[in-house]
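Here the working numbering = 1-based position in the sequence shown + 629.
Presented below is the structure to which this report refers.
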Amino acid sequence: MTVTDRTTSSPAGTEPAGDHVHPLAPGWRRSGLIGVATGLVSAVLVVGPVLAAWAADPLSSSDGSSATAVGASAWLLAGGAHLGVGTATIALTPLLLLGVLVLVARLGAREAMVRVSSEGEWWAGLLPRPLAAAVGAWWAGYAAVVGIGWVLAANGPLPPRPWTLLLPAVLVPLVGLGYALRAVGRDDPDVLGPRLVLPLPDSIRRSVGPGLAGAGLLIMVGMVAVLLAVLLAWPRVVSIQSDLAPSGVGVAVLLAGQLAGLANLGLWVVSFVAGPGFSVVEGASVTWDGSETGLLPMVPALGALPQPGRFPGLVGVVCVLLLVGAGMWVGRRAVATVARLARLRTKLVVAVSSCVVTALAIGLLDAVGGGSLGAYRLSSVGAPALEMALSALAWLVVGAVLFVLRDAWRLRR
């Protein structure tokens, strides 16, 4: 049987008869080619705009190979790699662009598994051997493109740190593959081996969906807040844009780069709401107490940062209420996953577990997306992931528990 059509499959592990197998026939060869194609499409999404901006810049004095190297570095950075600039490190991954790369990997992995036999024994308790071979070939093809990108970037002005290549070469395709296999598992649970089915307690399994939804809600609210701040500070934003004086394709690339980092800025807002705040450069931070500014990078969106000064004490109260409200929303979705008349303890466990998932999600995303934009004053940019996650967790749990207790009170009336 196959992943997409179990009624028209060939026996386990077989391929079309004949001395020569067509490379596009279902199997590991086709999957390997799709892996290469997936990597190339992913790279073109980032390298293409860089080359277009370079070609449209009349003042550019570098050759095409340097622009290609910078584009390859940007692609690897979008996948989570860290770039080196002398002794400094650039480690700010644009999360929305990372999400696009994961989506491309998911689509490629899904295509690589089309009409591949899902019969036979599991390989290492994970997947049927024909399907495991196809998935392995797909990943090998994708990783080969990442390797080529590393070779190109290593000879450019922004060489990647070798150990960080694990993220674009392993994590991105692995997450994309996980999403693709999730859909396969829903259609045919027997395809997934016992090692791919985690023996999670029922309360933890129920909490994953509401918890991830809560993380998405917080990041979405943060991104909306950033867009509103940009609109309110539009004259300052436009002034920085004018100082940079981009032209033609450069304007589009600059805008796309800022949009790619919108989720990162949204997490900065979440950290501010949670209490720890965030910093753009050393000495320039924004917390409940107020805003301190310094010499900022020439990024138009940063013109929306609050002006220096202290904030009213009411700001902290509003932030706490926002997080408690988000916790109640998460608790409501969590309680909806259990029986209406389930025990209070069960509802509390699911609701609190969902809040933990939310905090872990935003903490991990900030750890991947935050980091450094250079040396000295730019060596630490963004929000403190651990502090943000713990602080947000505390207020989310308060909101979730309040909702569960309110729900229990309503049932007893």
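For glycine and all other residues, C-beta sits at the position ideal for the given N, C-alpha and C.
Please read all numbers here as calculations on a predicted model, not as lab measurements.
With 16 or more other Cβ atoms inside 10 Å of its own Cβ, R835 counts as buried. Leaving aside the five residues that flank S914 on each side, the residues in its chain whose CB is nearer than 8 angstroms to its CB run, in chain order, G906, F907, S908, S920 and E921. About 13 angstroms separates the Cβ atoms of L952 and A844, ruling out a contact at the 8 angstroms cut-off. Straight-line spacing of the CA atoms in R659 and A738 works out to 12 angstroms. Remark: C-beta atoms of G668 and Y808 do not approach each other more closely than 9 angstroms.
Out of A666, V675, W657 and L662, the CA that lies nearest to the CA of V882 is found in V675. As far as DSSP is concerned, P830 takes part in no beta bridge.
Note that the C-beta distance between A684 and P786 is not below 9 angstroms. L760 and S746 have their C-alpha atoms some 6 angstroms from each other. In this structure the stretch 945 to 963 touches the stretch 887 to 907; the number of beta carbon pairs closer than 8 angstroms is three or more.
Take the alpha-carbon of V985 and the one of G851: they are about 19 angstroms apart. Counting C-beta atoms within 10 angstroms of its own C-beta, L724 has 16 or more neighbours from the protein chains shown and is therefore classed as buried. Listed as beta-bridge partners of R939 by DSSP are G919.
The Cβ atoms of R865 and A955 lie no closer than 9 angstroms to each other. Burial state of M849 is exposed, judged by a 10 Å Cβ sphere holding fewer than 16 other Cβ atoms.
In this structure, the straight-line span from the alpha carbon of L993 to that of L705 is close to 19 angstroms. Comparing alpha carbon positions, the residue from A783, V665 and V964 closest to I833 is V964.
Beta-bridge partners assigned by DSSP to V1010: G1000. Counting only runs that start and end inside the stretch 937 to 977, the alpha helix (DSSP H) elements of at least 4 residues fall at 943 to 964. Under the 10 Å beta carbon count, A874 is surrounded by fewer than 16 other beta carbons and is classified as exposed.
The beta carbon of T916 sits closer than 6 angstroms to those of G906, all from its chain and outside the five residues before and after it, given in chain order. With fewer than 16 other Cβ atoms inside 10 Å of its own Cβ, L857 counts as exposed. By the criterion of a C-beta distance shorter than 6 angstroms, A766 is surrounded in its chain by W657, S660 and G661, once the five residues flanking it on both sides are discounted.
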